[in-house]
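Going by this note's numbering, the letters in the sequence shown line up with residues 43 to 739, in that order.
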Amino acid sequence: MLTRFSDWLGHRLLKGGKRNWLIILSVFFVIIFPLILIAAFSYIRTHRDLTDFALSRRQAIASLAAATIKEKLDRLIDIGVSLATRVRFAELVGLGRWEEAIEILRAVPKDFSFIDRVFLADPGATLMADTPELAGERGRNFAYRDWYQGVSHKWEPYTSGVYQRAAEPRFNVVAVAVPIKAKDRDITGILVLQVRIDSLLAWMKEIEVGPSGFLFAVDREGKVVAHPQQAVQGKTTDYSTFPSVQKVLGGKQGVEVLFNPMEKEDRVVAYAPVPGYGWGVIAQEPTATAFAARNSSLRRLLFTYGFIALLAMVLAYLIVRTFVERKTVEELLTASEERFRGMAEAASDAIISADSSGNITYFNRGAERMFGYIAGEAVGQPLTLLMPETFRDAHRQGLKRFLSTGEARVIGKTVELVGKRRDGAEFPLELSLSTLRTSEGVFFTGILRDATERKRFEAEILDRNKQIEAANKELEAFSYSVSHDLRAPLRAMDGFSRILLEKQTSQLPPENQRYLGLIRDNAQQMGRLIDDLLAFSRLSRQALRKQTVAPAEMVRQALNDLRHEETNGQVQISVGDLVACQADPALLRQIFVNLLSNAIKFASGREGARVEIGCFTDNGEPVYFVKDNGAGFDMKYADKLFGVFQRLHRAEEYEGTGVGLAIVHRIVSRHGGRVWAEAEMDKGATFYFTLGGDSGS
């Protein structure tokens, strides 16, 4: 009966004309439509994910630029506070001896190239002295300036907005004003450091935005502080009406796609405030370049979907034609299958078909490449051959449920699964599954794509976000620890203790003199801790410039740096053959300085003290070492060696801050290498390190 019905339907389709072609098209779209839905969903999701990634990257750039400017401005304030709190300098200002006071600061513009000019003003903002001296400026009153109004508000350090200085040439500058205080905390003057806009622009040029992107900064009034596409001198530009500027001056950060009416193009605009200063940083890049990588990926995705759709259309065409022309199927089936297989075999993705028993009936070359089986080995085997053990029961139950109830949980969707290769390796994959019901039963066809690269890409994005978050936290901790609230009191403690020791020695009992000495020693030790923390924090931001380096030369320079060590001459130092490597010369030299300093420190004072620097090869990788016969340490504490402030010896025995080995560990890690140590109590220690897989020259 079914055979007679099939013969009748085939005859009607062949003879029925236009009406029957509608039936053919209906069958055609029943097969193609699910694939279109899957492709559309996947395209929309991929478009969203790649767009979010591009926008978050620009937001990270704006945040990094804001953090960089904050760090630079913090440093300017630190410099100003350091200069203003010098005891002799403050005394001269308090006595009104302005010429002598400015003479102390004569070298500041040379020592700090980003500082263009330094001048001193009395508490009423009258300029009393300057360097370099500009004619006609002394005696002028600048009470109307932003820097004076800001510093005199609470008599605390203040950073002004951008303005044109009064003296010729009238450069655009930013001023850092620091109050000068007498011993009784009265205000005796104001120290002003002027920085040209050129320097601020140079700070931001170090940050890569994109091939067509750029960064610019605005002050708290919305005036452009630094803009790579505008002249650094002349009249300042007011951007306070720009929406992104208004938001960033309101303390907001974000990223948007906005239309630029001047350039007549859409741009990705990311903005971030500069904490504590009221400034803002804006990163702009045309969408054409900002989304170039996204658009390229989407084009490749569309091409792939088009190819899959073509295969699906061919499949649908073959199914319909087979049904309609059943009488001629014997002659046409072979040719149709050959055409289908030719296209499927050329596909880069795996295409696998299976029957209702779950046994493989088709296995293309893409599947051979993906799973490691040849078609002859896979066809006839159950699909569980390609699955890890943990997924097999769920597959069998799902197949049974679908055949008995028609309930499909993965059919018609793109799902993520785990596959198993011939060698047992498991890997992530994406599966798009469809079904075909024929008189011979139900068949399943799956298109599979290896998702390993996509997963790796997602992991890299997650890792980069974590790195940015960690860098921001480290930068915040760094900024806090080096603020003037920490450094200025230390200098005051050290300075006043020194004055008491120098001027009141005859009036102080020996015990009091010893106490003052302890105060100075501890204040200086704290200063060294801060300096080491500065060095440690800079490592995460310092660019890594690898090149071919001769380690022996780095050792020679390191020993030259350590020549002031009093014990250096008492320690025998030997340098073996050191293999050339790929490394950052300055950072490699810092490694040797820190390791040699420790080795000399712990070996000195011992009879026959010696330090050895050498190298050997382990599996083709150079391993460098610094060995001494000094105090050594207990290996059960080896896991604490490379932490910040971790010390295995008392400070009374050996001086130090506990940061040196942490710096070594950070440098080695940035090179992709390893560092470890071996030691024995009272017999010495050996520190080993490598510089990554490409370190060998």
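All residues carry an ideal CB built from backbone N, CA and C; glycine is no exception.
Beta carbon of residue i nearer than 9 Å to that of residue j
i: I510; j: S476; result: no
i: E654; j: G618; result: yes
i: V267; j: V204; result: yes
i: A641; j: F675; result: no
i: L604; j: L638; result: yes
i: R463; j: M429; result: no
i: A351; j: I705; result: no
i: A600; j: F634; result: yes
i: A143; j: A177; result: no
i: W321; j: A219; result: no
i: A719; j: T732; result: no
i: I146; j: L134; result: yes
i: T88; j: L471; result: no
i: K225; j: A132; result: yes
i: D626; j: I541; result: no
i: T456; j: I80; result: yes
Cutoff 9 Å: residue i Cβ touching any chain B Cβ
i: L586; result: The structure shown contains no chain B; it holds only a single protein chain.
Range of the contiguous alpha helix (DSSP H) that encloses residue i
i: Q589; result: Where Q589 is concerned, there is no enclosing alpha helix (DSSP H), although the beta strand (DSSP E) it sits in stretches over Q589 to V591.
i: A721; result: Premise fails: A721 lies in the beta strand (DSSP E), V717 to E722, not in any alpha helix (DSSP H).
i: K152; result: V150 to D153
i: N401; result: Element bounds for N401: n/a, residue is neither H nor E.
i: Y190; result: D188 to K196
i: S616; result: Premise fails: S616 lies in the beta strand (DSSP E), Q614 to V617, not in any alpha helix (DSSP H).
i: P285; result: P285 to L291
i: D435; result: E431 to T447
i: K643; result: P627 to A645
Inter-residue CB distance, residue i and residue j (contact presumed, cutoff 8 Å)
i: L630; j: V668; result: Actually they do not touch by this definition, with Cβ atoms about 13 Å apart.
i: L425; j: A396; result: 5 Å
i: V323; j: L257; result: 6 Å
i: D158; j: R238; result: 5 Å
i: V613; j: A651; result: 5 Å
i: M246; j: A107; result: 6 Å
i: S282; j: Q288; result: 7 Å
i: R100; j: A325; result: 5 Å
i: R491; j: D391; result: 5 Å
Closest residue to residue i among the options (Cα-Cα distance)
i: L353; options: V621, W245, I393 and D280; result: I393
i: A493; options: E458, E502 and R506; result: E458
i: R309; options: V290, L560 and S286; result: S286
i: A273; options: L243, D261 and D505; result: L243
i: V484; options: T432, A625 and F444; result: F444
i: R587; options: R159, I561, R712 and R540; result: R712
i: S339; options: W718, D261, F95 and E472; result: F95
i: T93; options: Y319, I146, N636 and I503; result: I503
i: I489; options: S474, E495 and E500; result: S474
i: D120; options: R262, R533 and Q271; result: R533
i: S646; options: A673, F658, A622 and A501; result: A673
i: F184; options: S616, T456 and A217; result: A217
i: W140; options: S98, E175, Y666 and F405; result: E175
i: V129; options: E210, D536 and S98; result: D536
i: A512; options: P76, R90, L77 and A102; result: A102
Range of the contiguous beta strand (DSSP E) that encloses residue i
i: T480; result: E468 to T480
i: Q326; result: W321 to P328
i: D240; result: Looking at the DSSP string, D240 is not in any beta strand (DSSP E); the run it does join, the alpha helix (DSSP H), is I239 to K247.
i: I489; result: G483 to D492
i: R712; result: Looking at the DSSP string, R712 is not in any beta strand (DSSP E); the run it does join, the alpha helix (DSSP H), is G702 to R712.
i: L300; result: G296 to N302
i: K458; result: A small fix is needed here, since residue 458 is Glu in this sequence, not Lys. T456 to K462 is the span of the beta strand (DSSP E), which, as asked, contains E458.
i: A585; result: Unbroken run through A585: none, as it is neither H nor E.
i: R309; result: E307 to V316
i: R262; result: Looking at the DSSP string, R262 is not in any beta strand (DSSP E), and its letter there is neither H nor E.
i: A163; result: R159 to A163
i: L169; result: L169 to T173
i: E654; result: R652 to D660
i: E663; result: E663 to D670
i: A622; result: Premise fails: A622 is in no beta strand (DSSP E) and is neither H nor E.
Residue i beta carbon near the ligand ADP (any heavy atom closer than 8 Å)
i: A149; result: This structure does not include the ligand ADP; it has no bound ligands of any sort.
Practice task
Answer yes if the segment 250–266 comes into contact with the segment 331–351, meaning at least three C-beta pairs across the two stretches below 8 Å, and no otherwise.
Solution key: Contact between the segment 331–351 and the segment 250–266 is present, because at least three Cβ pairs lie under 8 Å.
Practice task
Check whether the segment 222–233 touches the segment 151–170, counting contact only when three or more Cβ pairs, one atom from each stretch, lie closer than 8 Å.
Solution key: Contact holds between the segment 222–233 and the segment 151–170, because three or more Cβ pairs, one in each stretch, are under 8 Å apart.
Problem - Touch test, the segment 282–296 against the segment 306–316, Cβ-Cβ under 8 Å, three pairs minimum - result: A contact exists between the segment 282–296 and the segment 306–316.
Exercise for the section: Give a yes or no on contact between the segment 198–218 and the segment 95–113, applying the rule of three or more CB pairs nearer than 8 Å. Expected result: Contact annotation: the segment 198–218 does not touch the segment 95–113, with fewer than three C-beta pairs closer than 8 Å.
Problem - the segment 82–95 / the segment 333–351 touching (three or more Cβ pairs under 8 Å) - result: With the cut-off at 8 Å, the segment 82–95 and the segment 333–351 touch.
Practice task
Inspect the CB distances between the segment 189–200 and the segment 149–157 and report whether three or more fall short of 8 Å.
Solution key: No contact exists between the segment 189–200 and the segment 149–157.
Exercise for the section: Would you check if the segment 431–446 and the segment 402–421 touch, i.e. whether three or more CB-CB distances between them fall below 8 Å? Expected result: Judged by Cβ distances under 8 Å, the segment 402–421 makes no contact with the segment 431–446, as fewer than three pairs qualify.
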